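Report on the following structure.
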Amino acid sequence: MTDVVTTRDQDGIRIITLNNPPVNALSVAVVTGLRDAVAAAEADGSVTGMVVTGEGSAFIAGADIREFGKPRPKDAPLLHDVLDGFDAISKPLVAAINGVALGGGLEVALGCNYRVAGHKALVGLPEVNLGIIPGAGGTQRLPRLTGAETALDMITSGKPVRADKAAALGIVDAIADSDVVGDAVEFAKARAAEGGPYQRVSEKDDKIADDRGNAGLFENWRKKIARSARGFDAPWACIDAVEAAVNLPFAQGREKEREIFTGLVNGDKAAAQRYAFFGEREVARVPDIPKDTPVAKIDKVGIIGCGTMGGGIAMNFLNAGIPVTVLEIEQAALDRGLATVRANYERSVKSGRFTAEQVDERMARIEGTTDMGAFADVDMVIEAAVEKMDVKKQVFAKLDETCKPGAILATNTSTLDIDEIASATSRPEAVCGTHFFSPANVMKLMENVRGAKSSKETLATVMAVAKKIGKVGVMVGNCDGFVGNRMLYAYTRQANFLLEEGALPAQVDKVIYDFGFPMGPFQMSDLAGIDVGYYVREERDKRFGLTDKRTSKIADRLFEMGRYGQKNGKGWYLYDETTRARTSDPAVEALILEESGRLGIERREISDQEILERCLYPLVNEGARILEEGIAARPVDIDMVWLFGYGFPRYRGGPMFWADLVGLPTVLERLEAFRKIDPDWIEPAPLLRELAGAGKGFKDFAK
Ligand code: CAA
Numbered sequence: 070m071t072d073v074v075t076t077r078d079q080d081g082i083r084i085i086t087l088n089n090p091p092v093n094a095l096s097v098a099v100v101t102g103l104r105d106a107v108a109a110a111e112a113d114g115s116v117t118g119m120v121v122t123g124e125g126s127a128f129i130a131g132a133d134i135r136e137f138g139k140p141r142p143k144d145a146p147l148l149h150d151v152l153d154g155f156d157a158i159s160k161p162l163v164a165a166i167n168g169v170a171l172g173g174g175l176e177v178a179l180g181c182n183y184r185v186a187g188h189k190a191l192v193g194l195p196e197v198n199l200g201i202i203p204g205a206g207g208t209q210r211l212p213r214l215t216g217a218e219t220a221l222d223m224i225t226s227g228k229p230v231r232a233d234k235a236a237a238l239g240i241v242d243a244i245a246d247s248d249v250v251g252d253a254v255e256f257a258k259a260r261a262a263e264g265g266p267y268q269r270v271s272e273k274d275d276k277i278a279d280d281r282g283n284a285g286l287f288e289n290w291r292k293k294i295a296r297s298a299r300g301f302d303a304p305w306a307c308i309d310a311v312e313a314a315v316n317l318p319f320a321q322g323r324e325k326e327r328e329i330f331t332g333l334v335n336g337d338k339a340a341a342q343r344y345a346f347f348g349e350r351e352v353a354r355v356p357d358i359p360k361d362t363p364v365a366k367i368d369k370v371g372i373i374g375c376g377t378m379g380g381g382i383a384m385n386f387l388n389a390g391i392p393v394t395v396l397e398i399e400q401a402a403l404d405r406g407l408a409t410v411r412a413n414y415e416r417s418v419k420s421g422r423f424t425a426e427q428v429d430e431r432m433a434r435i436e437g438t439t440d441m442g443a444f445a446d447v448d449m450v451i452e453a454a455v456e457k458m459d460v461k462k463q464v465f466a467k468l469d470e471t472c473k474p475g476a477i478l479a480t481n482t483s484t485l486d487i488d489e490i491a492s493a494t495s496r497p498e499a500v501c502g503t504h505f506f507s508p509a510n511v512m513k514l515m516e517n518v519r520g521a522k523s524s525k526e527t528l529a530t531v532m533a534v535a536k537k538i539g540k541v542g543v544m545v546g547n548c549d550g551f552v553g554n555r556m557l558y559a560y561t562r563q564a565n566f567l568l569e570e571g572a573l574p575a576q577v578d579k580v581i582y583d584f585g586f587p588m589g590p591f592q593m594s595d596l597a598g599i600d601v602g603y604y605v606r607e608e609r610d611k612r613f614g615l616t617d618k619r620t621s622k623i624a625d626r627l628f629e630m631g632r633y634g635q636k637n638g639k640g641w642y643l644y645d646e647t648t649r650a651r652t653s654d655p656a657v658e659a660l661i662l663e664e665s666g667r668l669g670i671e672r673r674e675i676s677d678q679e680i681l682e683r684c685l686y687p688l689v690n691e692g693a694r695i696l697e698e699g700i701a702a703r704p705v706d707i708d709m710v711w712l713f714g715y716g717f718p719r720y721r722g723g724p725m726f727w728a729d730l731v732g733l734p735t736v737l738e739r740l741e742a743f744r745k746i747d748p749d750w751i752e753p754a755p756l757l758r759e760l761a762g763a764g765k766g767f768k769d770f771a772k
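Per this note's numbering, the sequence shown starts with residue 70, numbered consecutively.
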């Protein structure tokens, strides 16, 4: 046997154990070992049945994703062939699902005759999240056990189910009491004693027969996923594959599955989604913060501000079981904030996400105060007060006096200088940024900002906090706007110039939406509040002084007209009072035209392609500067900020990954062309020039 597959016999049953830490992924070696072990047991006259299981806490977490897109050894067996081969085995083959059985892992189990699962087992086909469909029979075998509807649900969502549910759905045959392998051995012995033929999932038909020829069922599913699957290829392909399972004989359906799988796995979208899978994990490893850096225990948190942001931030901690004290200056604001938190939770009860008891439990963990003295015993404070430097400095000075030594003082500022804030305290080593994204209880990004004096322990702690509360923490450096907003400025600035030059908000927004963002820049501005943007600009002007670089004044004029966006029904668009439906407003178009005239710009037709390039290449260019300056350590840090904080389409991997796909020489060449239109702001970054010149991509960046 190979190192990764070991066997032992018990009462005539061959127990085949896969051992490929940490999650028993199906590497070439594992698949080879599994095939050989099953063949050896089949040939061994002393063996009456087999049990396949995984060492450690996982059964099998699926194909080894790291091997995708890489050359395979010529004689390496393919999992789907190995599993089809299981159907020719004459002895009962039982999967002992001791832990997660995901993707290829569940497919292995479905290739066995029977499945016995431990209570903690989790089974699912999450391939859709990687931009592919299950490629080793999963789309063909699962519907044969559960029926098409359940299979479509599991395969298009990628969501796994627990053992008890899997049993109810017909995916597993038995739940083990405590010893999964022991129970599976007994199960195999009993089947062997009864004698064959043993169940073969590929031959089952009763669950899918009724849906054969029912095209409406699949059409409904396509409609159902239309919104969430926009721009992705895999969810649609999952439906095609299950439809093939229902309508075609097994062998033909398997062929169809293979064809679809192969078409997806080598594509850009699947590559981007694999990159995102590993990227999400990679950003947790900050290059200069060793794994063994001590991490402070955060058992109680103080939050300053219980507005939209503070309340949303608090919910993350409450959900993770960490008590929170929120501070507001006035009792009325505090009452309002706490009521909003409860109302948000109650909405979750209505949607079925939480039970009323779970909400009560969470609300019992939150306390409101108007007295900072209540922060004396907290381990960490997150300040989410107004974005004004003088206010922040006063707050931090007072926090420094109030909080116990060692308590971390973090700010949720989205733009202000962390070092200046830290200078108001006697403990700059314990000060850093923890920048959440609105709505803070939903958006997964936590942009953690290091100050010049933040200690490694402080930074390691906030990264650990991000993990604890289910966020993707990305460590970034201190500069105006940090990574996300700094790049956003570069993008929205060009979007505004495009209006002056000939485009209208709806055209720009549509291009960005069609690229895959949830919304374009003007819709976003209406959602965030045109007034909010105005005050941010005002504060920036105060800090940096008015530069001689040109900026567009259209948004300022909307603000002056009292058009604040969705909140008062008019901004870049008009919003219906009851339905909130968005329409273009001739008054805004007139304002834009007037602005072009005032600037002496002759309006021109602007193509969708130009809009896309003009908005996104400057964003990428700013990303290059951020890398040069070390504000982000790696391109993947930037990409994860954009995926999890700004809704950059996951199937494009993030701006830096996407730019590599476009090709950096193209990005550079277009920026040079745009520079003629906007010499003030568009200057290709030296790093971009360097990489493009060397025929390299951001993926080759090494500081
Ligand atoms: N291949 C390679 N590496 C994998 C892997 C896989 N399928 N699944 C997990 N890993 C790695 C992770 O990258 C991570 O590595 P590092 O420690 O180096 O970062 C390590 O295993 C542990 O993973 P997590 O940090 O995610 O640990 P967790 O306990 O939070 O979660 C898990 C474990 C639920 C298995 C989760 O990792 C997961 O969801 N994995 C992916 C499952 C998946 O998508 N399977 C389908 C694969 S595609 C397929 O199978 C195609 C087919 O049809 C044959």
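Quick reminder that beta carbons are idealized off the backbone N, C-alpha and C, glycines included.
Source: prediction; values computed, not measured.
Inter-residue spacing [alpha-carbon to alpha-carbon] between residue i and residue j
i	j	result
Thr101	Leu87	11 Å
Ile751	Leu557	14 Å
Gly775	Arg496	Limits of the chain in this structure are 70 at one end and 772 at the other, which puts residue 775 out of reach.
Phe713	Pro734	27 Å
Arg269	Lys292	33 Å
Phe584	Leu660	27 Å
Val418	Met384	14 Å
Arg606	Asn481	18 Å
Glu470	Lys462	13 Å
Cys181	Val107	11 Å
Ala728	Leu688	10 Å
Pro142	Gly173	19 Å
Element boundaries [beta strand (DSSP E), containing residue i]
i	result
Tyr183	183–186
Cys501	500–505
Asp645	From DSSP, Asp645 is part of no beta strand (DSSP E); its letter is neither H nor E.
Asn517	514–519
Where residue i falls, given that 16 or more other Cβ within 10 Å makes a residue buried
i	result
His149	buried
Asn335	exposed
Gln576	buried
Asp280	buried
Lys338	buried
Gln342	buried
Pro356	exposed
Lys325	buried
Ser524	buried
Ser483	buried
Ala572	buried
Gly322	buried
Pro704	buried
Ser247	exposed
Contacts around residue i, its chain only, beta-carbon distance under 8 Å, and the 5 residues preceding and following it disregarded
i	result
Asp274	Arg213
Glu697	Ala754, Pro755, Leu756
Lys258	Asp80, Gly81, Ile82, Thr117, Gly118
Lys360	Arg354
Val230	Leu191, Val192, Gly193, Met223, Leu238, Ile240
Cβ-based neighbour list, residue i, same chain, cut-off 6 Å, excluding 5 preceding and 5 following
i	result
Ala298	Pro304
Gly239	Leu214, Thr215
Gly376	none
Ala702	Pro356
Ala529	Ile358, Thr362, Val364
Element boundaries [alpha helix (DSSP H), containing residue i]
i	result
Tyr604	599–613
Gly172	Counting along the chain, Gly172 falls outside any alpha helix (DSSP H), and DSSP gives it neither H nor E.
Arg721	No alpha helix (DSSP H) contains Arg721, which DSSP labels as neither H nor E.
Met709	704–715
Ala165	That residue, Ala165, is in no alpha helix (DSSP H); its beta strand (DSSP E) goes 162–166.
Gln635	Taken as a continuous stretch (DSSP letters only), Gln635 belongs to no alpha helix (DSSP H), as it is neither H nor E.
Chain-order list of residues whose beta-carbon lies under 7 Å from that of residue i (same chain, five-residue window excluded)
i	result
Asp595	Gly634, Gln635, Gly640, Trp641, Tyr642
Val151	Val100, Leu103, Arg104
Glu312	Phe287
The ligand COA heavy atom lying under 7 Å from the CB of residue i
i	result
Arg296	With respect to the ligand COA, the structure offers nothing, as its ligand set consists of the ligand CAA.
CB contact below 8 Å: residue i versus chain B
i	result
Phe287	The structure shown contains no chain B; it holds only a single protein chain.
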